[in-house]
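Here's the structure, in structure tokens; my notes come after.
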Amino acid sequence: MAHLFRDLSLGHSKRESTPPPPPLQTKPPPMPTNKLTSPDLQSPLGQLASQLTDSDLRLTAYDVFLAVCRTSASKPLSTSASSISDSSSQNSPGQNHNHSPSSPALQRSLTSAAASKMKKALGLKSPGSKKSPGSAPSSGQGKSKRPTTVGELMRIQMRVPESVDARVRRALLRIGGGLVGRRIESVVLPLELLQQLKQSDFSDQQEYDAWQKRNLRVLEAGLLLHPRVPLDKSNNASQRLRQIIHAALDRPIETGKNNESMQVLRSAVMSLASRSDGSLSDSCHWADGIPLNLRLYEMLLEMCFDINDETSIVEEVDELMEQIKKTWVILGINQMLHNLCFAWVLFHHFVSTGQVEMDLLYAADGQLAEVAKDAKTTRDPEYSKILSSTLSSILGWAEKRLLAYHDTFDSGNVYTMQGIVSLGVSAAKILVEDVSTEYRRKRKEVDVARNRIDTYIRSSLRTAFAQRMEKADSSRRASKNQPNPLPVLAILAKDVGELAVHEKQVFSPILKGWHPLAAGVAVATLHSCYANEIKQFISGITELTPDAVQVLRAADKLEKDLVQIAVEDAVDSDDGGKAIIREMPPYEAETAIANLVKGWIKTRLDRLKEWVDRNLQQEVWNPQANQEGFALSAVETLRIIDETLDAFFQLPIPAHPALLPDVIVGLDKCLQYYVIKAKSGCASRNTYIPTMPALTRCEIGSKFQGVWKKKEKSQNTQKRNSQVATMNGDKSFGIPQLCVRINTLHHIRSEMDVLEKRIVTHLRNCESAHLEDFSNGLSKRFELTPAACVEGVQQLSEAVAYKIVFHDLSHVLWDGLYVGEPSSSRIDPLLQELEQNLLVISETVHDRVRTRIITDIMKASCDGFLLVLLAGGPSRAFSRQDSQIIEDDFKALKDLFWANGDGLPADLIDKFSATVRDFLPLFRTDTESLIERFKRMTLEAYGSSARSRLPLPPTSGQWNPTEPNTLLRVLCYRNDEAASRFLKKTYNLPKKLK
Numbered sequence: 001m002a003h004l005f006r007d008l009s010l011g012h013s014k015r016e017s018t019p020p021p022p023p024l025q026t027k028p029p030p031m032p033t034n035k036l037t038s039p040d041l042q043s044p045l046g047q048l049a050s051q052l053t054d055s056d057l058r059l060t061a062y063d064v065f066l067a068v069c070r071t072s073a074s075k076p077l078s079t080s081a082s083s084i085s086d087s088s089s090q091n092s093p094g095q096n097h098n099h100s101p102s103s104p105a106l107q108r109s110l111t112s113a114a115a116s117k118m119k120k121a122l123g124l125k126s127p128g129s130k131k132s133p134g135s136a137p138s139s140g141q142g143k144s145k146r147p148t149t150v151g152e153l154m155r156i157q158m159r160v161p162e163s164v165d166a167r168v169r170r171a172l173l174r175i176g177g178g179l180v181g182r183r184i185e186s187v188v189l190p191l192e193l194l195q196q197l198k199q200s201d202f203s204d205q206q207e208y209d210a211w212q213k214r215n216l217r218v219l220e221a222g223l224l225l226h227p228r229v230p231l232d233k234s235n236n237a238s239q240r241l242r243q244i245i246h247a248a249l250d251r252p253i254e255t256g257k258n259n260e261s262m263q264v265l266r267s268a269v270m271s272l273a274s275r276s277d278g279s280l281s282d283s284c285h286w287a288d289g290i291p292l293n294l295r296l297y298e299m300l301l302e303m304c305f306d307i308n309d310e311t312s313i314v315e316e317v318d319e320l321m322e323q324i325k326k327t328w329v330i331l332g333i334n335q336m337l338h339n340l341c342f343a344w345v346l347f348h349h350f351v352s353t354g355q356v357e358m359d360l361l362y363a364a365d366g367q368l369a370e371v372a373k374d375a376k377t378t379r380d381p382e383y384s385k386i387l388s389s390t391l392s393s394i395l396g397w398a399e400k401r402l403l404a405y406h407d408t409f410d411s412g413n414v415y416t417m418q419g420i421v422s423l424g425v426s427a428a429k430i431l432v433e434d435v436s437t438e439y440r441r442k443r444k445e446v447d448v449a450r451n452r453i454d455t456y457i458r459s460s461l462r463t464a465f466a467q468r469m470e471k472a473d474s475s476r477r478a479s480k481n482q483p484n485p486l487p488v489l490a491i492l493a494k495d496v497g498e499l500a501v502h503e504k505q506v507f508s509p510i511l512k513g514w515h516p517l518a519a520g521v522a523v524a525t526l527h528s529c530y531a532n533e534i535k536q537f538i539s540g541i542t543e544l545t546p547d548a549v550q551v552l553r554a555a556d557k558l559e560k561d562l563v564q565i566a567v568e569d570a571v572d573s574d575d576g577g578k579a580i581i582r583e584m585p586p587y588e589a590e591t592a593i594a595n596l597v598k599g600w601i602k603t604r605l606d607r608l609k610e611w612v613d614r615n616l617q618q619e620v621w622n623p624q625a626n627q628e629g630f631a632l633s634a635v636e637t638l639r640i641i642d643e644t645l646d647a648f649f650q651l652p653i654p655a656h657p658a659l660l661p662d663v664i665v666g667l668d669k670c671l672q673y674y675v676i677k678a679k680s681g682c683a684s685r686n687t688y689i690p691t692m693p694a695l696t697r698c699e700i701g702s703k704f705q706g707v708w709k710k711k712e713k714s715q716n717t718q719k720r721n722s723q724v725a726t727m728n729g730d731k732s733f734g735i736p737q738l739c740v741r742i743n744t745l746h747h748i749r750s751e752m753d754v755l756e757k758r759i760v761t762h763l764r765n766c767e768s769a770h771l772e773d774f775s776n777g778l779s780k781r782f783e784l785t786p787a788a789c790v791e792g793v794q795q796l797s798e799a800v801a802y803k804i805v806f807h808d809l810s811h812v813l814w815d816g817l818y819v820g821e822p823s824s825s826r827i828d829p830l831l832q833e834l835e836q837n838l839l840v841i842s843e844t845v846h847d848r849v850r851t852r853i854i855t856d857i858m859k860a861s862c863d864g865f866l867l868v869l870l871a872g873g874p875s876r877a878f879s880r881q882d883s884q885i886i887e888d889d890f891k892a893l894k895d896l897f898w899a900n901g902d903g904l905p906a907d908l909i910d911k912f913s914a915t916v917r918d919f920l921p922l923f924r925t926d927t928e929s930l931i932e933r934f935k936r937m938t939l940e941a942y943g944s945s946a947r948s949r950l951p952l953p954p955t956s957g958q959w960n961p962t963e964p965n966t967l968l969r970v971l972c973y974r975n976d977e978a979a980s981r982f983l984k985k986t987y988n989l990p991k992k993l994k
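Here you go:
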């Protein structure tokens, strides 16, 4: 074994000579800042309770590395310098041939001719032009120094000065003298180094003191603070060792000698280190307790990264890792812990070097795949604790970025997002599926990846939405002094729409790898966030304002855009995106707009109706009010309606065509209300027709004494006056005023067509109108008003006609025509006054309705003429000789309306005078013939029941020459003895009214 402990210096390959080494350094160069720590990332491998610094741990890890690499499987470890002497002494009698010097670990030459298998497995690229570790700019004297052995590479990687390296090797050589037949793990390395090195081995007292304190603190950490085998409180050795270490830290002990102090220290250390952990090995446990072993191993793994380019792993990582793994026997590391630590180191290097080398991140993710396999095969509580801590740290770091990935990633670093998501999802899956006891107990089928991505999307977009909300509010405040500034929610809707598009284009394609509906979840989240704001806004709206419409239109557009993205994203999903769409209940912005518009319409219509009521009460229907002869209230009403339509189409809403029917129906009802009010109280034709007196028979030879005629006239006049009393006291119901009402209704009817054309013009200028809006004529037509106007004109025209004939001219018609002797009470007075009224009508009413009114007057005149002949009461009686008078008077009546061709058309006169013309022959017919005809018609009407006694036929009100009651009336007014006897005998009719 003696060859193991020869004085070793870090040599080079036998195949090349190198310049002499530079002067020994007494202090190690400082490690780069942020090498092992990151502001938001602490090591999950555990914090040491001792005061060991990262530099202390690194130097201790190097000590362990040198110790184990010198003895691998009981084979000698040599550097290039010692290998020469080793080879020359291979045949020495004292040589142990089990320790073959032909393959020394540290002396192994480095080569990068072939690509690293480990880097290939991790997916790491092999840079072609990177400097090797330890290289420096070339000087004028020669080429730069390049490490050629694993030992030298490790020294350079760990930034250990050559002086320190040489000192440790000398100590290891001395230690080896007492290790005959023993492995390196059977010794406590810090204790042996304290035993072998003394103050003279160091350049100064300060370096010596620091070295001694470091080793004492390592013993304290490994044996007292973090022992592999838990300490028994009753163990005196632990108390004694603690006292020794604390005393030595205050006052250094003398090392390098077998003095009493060292013997006491050795006794206490070996008593604790040699305690068994249950295995059958003779190993000493001084550096295999968690977390000390993990932190030391972390230091060693860090050395796989190139000191000149910390984003890349050295090309010789395969040889280096082979030697690092030999420390497992001292540090108590196994493959599972190695996989976990290496995954952490890869990940941590990615973070600490600026997160720019994605290969490191992918390598860490790949290493987690090995960790996942390990996690499924073990239930070791210590491993599970470290596993949970490490994965939680990785997941926490990833989720800090992913829960607000809109803040984390931009166009400059979005390429890192996929790797970070993959790493976070891998960590989460292991934690949930292999660490979570609840998951193991319930064995729930959980899609961890999808759930985590869902959480990231929703969280990040809620954060982004809140930021956009604040930004929109700031924009609103900044523009409040500008004309027509946009409302906050309108600005927000625009920003959210842009955010959704950005999400769909940039982030969703990345996240879709773990969540098939990534874009759908994103827009559903944005939809929900905006819904909270818009629904609160809608609930507070009380009237239609430009700001309210802007916000609601913006919300409607946003919702349609979001739904479109969700539908497109879910086109290939199993449910077609129904689940996502269910998360997006409609904002009902269009409904809110419609309700506001309906409220606006109702307010306008209510005001219009109030205006109509107020102005109709004040309307006097003055024919002189304007040249057209219609009411000023109608002009104002139509103007307000026109303004209402203009205001409606100026509303900044998207649904003019859809809401137009509500406007038209409302305006239609208002106009109908005007028409109804305009004609109300004007009576009708039946109001003016006098009540027919009871049937009587003529008193033959009577000359109708004046007293009797005055009494009869007084009774008839009293009845008529009671029927029309309401019109007599109100000038607004005079003939001129009634004509103005007719003109007004006709004008409104004419304006309906104009309004409908104007509506079509508005629709053509409306951006939201479609072709069907023009083809569907019913939606833009007034239906109630035109019909009401037609009906009103008809009612008022008849009222004018019958009022003139039966009321205004009653003194010459009902009270004068044919009263007493027909020859002395003919129609001329009636015609004279009727003509005067026709002149007034012609001058007052509109041309389009003049013919109708005059026609109605003619009809009323004919009705009055017949009523005098058939129901004029006992004051009238006609002989056969009076028939010619009647015919002549009737011809004069028709001529009045003919007016020598300037009046009514002849065919119209013939049409409406036909009834009277058909009656005239009855007055020329002899009485006997009339009686026979009456009997025959009565028998035909009543059948055999009328043979014994002729029934009295009722008055139907419809005069007809072939109708029994009409014939009976002709007989009643026949001034003839035969007629009087027949009526007396058959019906016992009186000769006068009682």
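Sequence positions in the sequence shown follow this note's numbering and run 1 to 994.
The beta-carbon is built from N, C-alpha and C at its ideal position, and this holds for glycine as well.
Please read these numbers as outputs of a predicted model, since none were measured by experiment.
> Should A73 be labelled buried (16 or more other beta-carbon atoms within 10 Å of its own) or exposed?
Replying inline: Low local confidence applies: a pLDDT of 40 at A73 is under 50, so the model's placement there is unreliable, with the coordinate-based value given in what follows. It is exposed - the Cβ of A73 has fewer than 16 other Cβ atoms within 10 Å.
>> If you reduce the DSSP assignment to three classes, tell me which class T938 lands in.
In response: helix
> Which residues mark the beginning and the end of the alpha helix (DSSP H) in which V551 is found?
Replying inline: 546-569
> Three-state secondary structure (DSSP) at F305?
Replying inline: strand
>> Just verifying my parser: in three-state terms, what is the DSSP assignment at L809?
In response: coil
>> Just to check my reading of the structure: P487 and Q550 have Cβ atoms closer than 8 Å, yes? What is that Cβ distance to the nearest angstrom?
In response: 6 Å
> Just checking my contact of V675 with I759 at CB under 8 Å: how many whole Å lie between their CB atoms?
Replying inline: Actually they do not touch by this definition, with Cβ atoms about 20 Å apart.
> How would you call T761, buried or exposed, if buried means at least 16 neighbouring beta carbons within 10 angstroms?
Replying inline: exposed
> Do you know how far the Cα of E543 is from the Cα of D454?
Replying inline: 40 Å
>> I need the boundaries of the alpha helix (DSSP H) containing F65, first residue and last residue.
In response: 54-70
>> On the DSSP bridge list, what partners appear for R974?
In response: F878
>> For the stretch 211-229 against the stretch 272-291, do three or more pairs of beta-carbon atoms, one drawn from each stretch, fall closer than 8 Å, so that the two count as touching?
In response: yes
> Who are I313's beta bridge partners in DSSP?
Replying inline: F305
> Start and end of the alpha helix (DSSP H) containing K1020?
Replying inline: One cannot answer for residue 1020 here, as it falls past the ends of the chain, which runs 1 to 994.
> Roughly how many angstroms separate the alpha carbons of M469 and C529, rounded to a whole number?
Replying inline: 10 Å
> By Cβ distance below 7 Å, which residues in the same chain neighbour I689 in space, the five residues on each side in sequence not counted?
Replying inline: Y802, F806
>> Rounded to the nearest angstrom, what separates A787 and S913 at their Cα positions?
In response: 28 Å
> Are I886 and L869 closer than 9 Å when you measure CB to CB?
Replying inline: yes
> Could you give the residue range of the alpha helix (DSSP H) that holds Y818?
Replying inline: Premise fails: Y818 is in no alpha helix (DSSP H) and is neither H nor E.
> In three-state DSSP terms, what is E751?
Replying inline: helix
>> Mapping the DSSP letters down to three states, classify G903 as helix, strand or coil.
In response: coil
> Using the beta-carbon count (16 or more within 10 Å), is P995 buried or exposed?
Replying inline: Since the first residue of the chain shown is 1 and the last is 994, residue 995 is not available in this structure.
> Using DSSP with H/G/I as helix, E/B as strand and the rest coil, what is F782?
Replying inline: coil
> Excluding five sequence neighbours on each side, which residues of the same chain lie with their C-beta closer than 6 Å to the C-beta of L952?
Replying inline: Y987
> With contact counted as at least three CB pairs below 8 Å, one residue from each stretch, are the stretch 185-201 and the stretch 254-266 in contact?
Replying inline: yes
>> Give me the residue from P921, T962, S929 with the minimum Cα distance to A941.
In response: T962
>> Using the three-state DSSP reduction, which class does Q355 fall into: helix, strand or coil?
In response: coil
> What is the DSSP secondary structure of T435, reduced to helix, strand or coil?
Replying inline: Residue identity differs from the one stated: residue 435 is Val in this sequence, not Thr. Note: V435 maps to helix in three-state DSSP.
>> Between F782, S267, W814, A566, which has its C-alpha nearest P516's C-alpha?
In response: A566
> Buried or exposed: where does D374 fall if 16 or more other Cβ atoms within 10 Å of its Cβ makes it buried?
Replying inline: buried
> Which word fits L301, buried or exposed, when buried means at least 16 other C-beta atoms lie within 10 angstroms of its C-beta?
Replying inline: buried
> Rounded to the nearest angstrom, how far is the Cβ of E533 from that of L489, given a contact under 8 Å?
Replying inline: 6 Å
> Would you say the stretch 628-636 touches the stretch 572-590, given that touching needs at least three Cβ pairs under 8 Å?
Replying inline: no
>> Among the candidates L651, T851, K494, whose CA atom is the shortest distance from the CA of N765?
In response: L651
> Comparing alpha-carbon positions, which option in L950, E791, L124 lies nearest L998?
Replying inline: Only positions 1 to 994 of the chain appear in this structure, which leaves residue 998 out of reach.
> Is L989 helix, strand or coil when you go by DSSP?
Replying inline: coil
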